[in-house]
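A.B. asks:
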Amino acid sequence: MKIELTVNGLKIQAQYQNEEIENVHKPLLHMLAALQTVNPQRRTVVFLCAPPGTGKSTLTTFWEYLAQQDPELPAIQTLPMDGFHHYNSWLDAHQLRPFKGAPETFDVAKLAENLRQVVEGDCTWPQYDRQKHDPVEDALHVTAPLVIVEGNWL
Numbered sequence: 776m777k778i779e780l781t782v783n784g785l786k787i788q789a790q791y792q793n794e795e796i797e798n799v800h801k802p803l804l805h806m807l808a809a810l811q812t813v814n815p816q817r818r819t820v821v822f823l824c825a826p827p828g829t830g831k832s833t834l835t836t837f838w839e840y841l842a843q844q845d846p847e848l849p850a851i852q853t854l855p856m857d858g859f860h861h862y863n864s865w866l867d868a869h870q871l872r873p874f875k876g877a878p879e880t881f882d883v884a885k886l887a888e889n890l891r892q893v894v895e896g897d898c899t900w901p902q903y904d905r906q907k908h909d910p911v912e913d914a915l916h917v918t919a920p921l922v923i924v925e926g927n928w929l
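The sequence shown runs 776 to 929 under this note's numbering.
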């Protein structure tokens with residue numbers, strides 16, 4: 776399947792083999808949906824961790840698409856960890872901009888607080904703006920019963 780996805784504000788072309796979709800992606804999403812039905816009043820949070828540039832955002836956006844096509848699946852929402860980068864002004868003040876993306880350049884306390892809010896109910900989530908190279912506060916409204924937090928250093 777060839778599909779155009781909007782990932783982090785950019786349109787990209789992705790391709791997945793039908794056999795892979797049917798034997799890997801859909802069964803995994805149905806397993807996650809089954810976990811979500813155990814306690815439907817509570818949001819299910821899944822974590823996906825991989826190195827930079829490996830396609831985490833593309834993969835989870837594709838999963839969102841698959842969930843939209845299958846009435847047996849709950850809505851899925853991707854929550855990228857990139858929105859928790861410290862602002863460039865903070866990085867400059869701490870002489871860390873050359874190391875942007877390293878664990879110490881993320882606001883871990885803020886991430887932990889936002890994760891608590893995600894579990895408790897609808898909330899907002901910051902998103903990294905690839906044009907400004909800084910986070911945008913409250914950019915995403917978290918409403919899906921199943922969310923996938925994706926990042927490098929989870």
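Every residue gets a Cβ at the ideal spot worked out from N, C-alpha and C, and that includes glycine.
#1: Where does Tyr903 sit, in a helix, a strand or coil, going by DSSP?
#2: When the Cα atoms are used, what is the spatial distance from Val894 to Leu807?
#3: Within 10 angstroms of its Cβ, does Gln816 collect 16 or more other Cβ (buried), or is it exposed?
#4: Please classify His805: does DSSP put it in a helix, a strand, or coil?
#5: Quick check: the Cα distance between Met776 and Cys824, rounded to an integer number of angstroms?
#6: Between Leu858 and His805, what straight-line distance do the alpha-carbon atoms span, to the nearest angstrom?
#7: Going by beta carbon distance, what residues of the same chain come within less than 6 Å of Val782, once the five residues before and after it are set aside?
#8: Applying the 10 Å Cβ sphere with the 16-neighbour rule, what's the burial state of Leu886?
C.D. replies: Quick look at the numbers:
#1: strand
#2: 16 Å
#3: Counting Cβ neighbours within 10 Å, Gln816 comes out exposed, since fewer than 16 surround it.
#4: helix
#5: In this structure, the alpha-carbon of Met776 lies about 25 Å from that of Cys824.
#6: According to the sequence shown, residue 858 is Gly rather than Leu. Roughly 28 Å between the two C-alpha positions.
#7: Ser832, Thr833 and Thr836
#8: buried
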